[in-house]
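Using full-length UniProt numbering, the first residue of the sequence shown is number 1, and each one after it goes up by one. C-beta atoms are modelled at their ideal positions from N, C-alpha and C, and glycine is treated no differently.
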Amino acid sequence: MDVIVETRYGKVMGREEDGVRVFLGVPYAKAPQGERRFLPPEPVEPWADVLDARAHGPICPQVANPLNPVDGFVQSEDCLRLNIYAPAEGTGHPVMVWIHGGAFVFGSGQSPWYDGRAFARDGVVLVSINYRLGPLGFLHLAHLGGEAYASSGNAGILDQVAALTFVRDTIEAFGGDPNRVTVAGESAGAWSVGTLLVMESARGLFQQAILQSGIPFAYRTPEFAEWWTTQLLDALGINQASWHRLFDVPAADLVAAAARIPARDGLNLRPVLDGVTLTRSFWDALREGQAAHVPTLAGSNREELMLWMARDPEWRTLSDEERIARVDRMWGPLGDRARDYYVDGRTGDELETWLVRFASMRSFTYPTIRAAEIQSEYAPVYLYRFDYRPSQLGAAHALEIPFVFGTYAHPSARVLVGDRPSHAAVSDAMHAAWVAFVRHGSPQAPHLPEWPTYDPKRRSTMIFDETSRVEEDPDTAERELWSEMMSLSM
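Listed below in C-alpha cells is the structure:
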C-alpha cells in the first residue's frame, strides 16, 4: 500500500509491504547540472506537492562494463538521490547509509545487490545513495577555474556529505535516529567512508563506520589531477584557455571520453588532496585522531584480484612472465622483496594464486590492517577477512556484498556467486554481524564465535567461511613483510 511521511522539505510517498517501507529516488540536493556542473552540491529546495518516491530515480552518468550493465536505468545529471528502506513500525531505529563502489566511475545506490529490505526487517533503516561519478564528480579544475572550483576534484565526496546531512535532517520522519548513523561502503565506497572519517565537514554526521575492501591509501596530488584534466581536455579537443567549453559537452560524451584515457597507477579518478576539502593524507589524519571515538568494522576479501582476472579475456593466454608484468602494471611494482616472496620460482596455477595474494594484500588487505592498527588506538575496531569461495571466482572483490545484504539469490548476484546450499548460513552470519554492529557498535552475533576487538598485539580477525572462525594475526609472515615494505608510506 502507499504510505506518506512528512519531512522538513515536504511530503514523500512510498510503498509499504511485508512490514517494510520503501522510498526511492528521494532528492537530497539540487541537480548539479548547467552552471552547477563541477560545483559543490547545494541543498535541495522544499517541494510543495507530495513527492512520488515509489520508483527509482536516474543514476549518475557513467559508461557500461560487464560488471555494470546500465540497460533499463535512466541516466541524468539530476541524480543526487537516495533510497530508504525502513521498518514499518516503531521509531528511533539505527541507520546505515550505504555508499556504493565502482572505482568512482560507475555504480548506483539502486543496484539490486543493495536492496535494504533485509536490514529493515531486522530493525535498521537502510539508506543507499548516488553521488557524482567520473569527471562530473572528480575532475580537478582549481588551476583553471579558480576558487569557485577549488573542490571540483572532490565533488563526489561532497555529494556524500550532502546526503549524510539530508539524512541527519530527515531520517526521523522515516523512523530513524539521526544520532545513531553508521556510514558503510565497499571498494570506492569504502575509500569514501575512510575519507569521510577524516573530513572536518563530515564530523558528527555519523557515529560508526564500516569499510569493506577499501582504504584511501593514496589521494591524488594536485599535480596528477591537473595532468589528468589536460588529458581529458585533449581527448575532447578543448584547449585549457577554453576549459569552460566543458559545460557544453553532453554528460554522456564527457564520461565516455574519460573512460578512454588509460589508467595510471590504479584509479585515474579518486579524491584529490586539494588543500580545501582534503588538506592532508588519510594516514596523517588518522594518526592525529581525526576519527577518534568512531567504532569501526573493516575487512577485505581473500582473493580480491580474481574479479579483475574474470574480466580480462587475455589472462589465460599469458605466459608466467607476462602475467607478472600485467600485475606490475595494474597493481604497482612488486619490487625485489615481494618478487622473492610471491614469485620464488612458482609457475602456472600456483603462480596465479600467489599473484592474486600479492595484489589483494597490496591494495586491500594490508592497508586495511594498517588502518585498523592506527584506529584501534582511538576506538573499538573489528577486523574481518572474507575467505568464502561461493563460485569459481573464489573470494573475489565485491562478492561479500550480497551475503551482507541477503541478496545472494537475486539473478544479478547469482551470476557471480552461483547457488550453493552453504550460501544461506554464510549470509545469515554476515548479515547478523552487520546488523549487530549498526545496532550496538559490536558485530557479535549468535551465528558467530566470540569476536574480540582488534589490537596490534593479538590481531584478532574474523574469517568468514562456511564455518567462520577467529584467527589471531593470520598469515603473520606475509603481514610482517608488508609492514616492513610499506612502513614509510603508511
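Contact between TRP191 and PRO216 holds, since their C-beta atoms are separated by about 5 Å, short of 8 Å.
When DSSP states are grouped into helix, strand and coil, TYR388 belongs to the coil group. If you draw a straight line from the Cα of ARG37 to the Cα of GLY137, it comes to about 9 Å. The secondary-structure analysis by DSSP pairs MET13 across a beta bridge with ILE4 and ASP52. Exclusion of the five residues before and after LEU416 leaves SER391, LEU393 and LEU399 as the residues of its chain whose Cβ lies within less than 7 Å of its Cβ.
Shown here for SER76: same chain residues with a beta carbon closer than 6 Å to its own, the five before and five after excluded, namely PRO58 in chain order.
Within the stretch 122-182, the complete beta strand (DSSP E) runs of at least 3 residues fall at 125-129. For GLY101, the closest of ALA163, VAL193, ARG370 and VAL276 by C-alpha to C-alpha distance is VAL193. Rounded to whole angstroms, ASP473 and TRP283 show a C-alpha spacing of 22 Å. A buried status is given to HIS431, since no fewer than 16 other beta-carbon atoms sit within 10 Å of its beta-carbon. Separation of ARG389 and LEU305 (C-alpha to C-alpha, rounded to the nearest whole angstrom) is 13 Å. Rounded to the nearest angstrom, the gap between the Cα atoms of ARG414 and PRO40 is 38 Å. Shown here, HIS410 sits in coil according to DSSP, grouped into three states, outside any helix or strand.
In the structure shown, HIS93 adopts extended strand secondary structure according to DSSP, grouped into three states. The Cβ neighbour count for ARG260, taken over all protein chains shown within 10 Å, is under 16; the residue is labelled exposed.
The stretch 17-35 makes contact with the stretch 75-92, as at least three CB pairs between them are under 8 Å. The beta carbon of LEU254 sits closer than 6 Å to the beta carbons of PRO135 from its chain, once the five residues preceding and following it are set aside; these are given in chain order. In the assembly as shown, PRO380 is a buried residue. Its beta-carbon has 16 or more other beta-carbons within 10 Å. Here ASN301 is bridged, per DSSP, to PHE386. The stretch 361-374 and the stretch 445-452 do not touch, with fewer than three beta-carbon pairs separated by less than 8 Å. SER152 is the residue among ARG316, SER152 and GLU186 whose C-alpha sits nearest the C-alpha of LEU246. DSSP, read as helix, strand or coil, puts MET462 in strand.
When DSSP states are grouped into helix, strand and coil, PHE106 belongs to the coil group.
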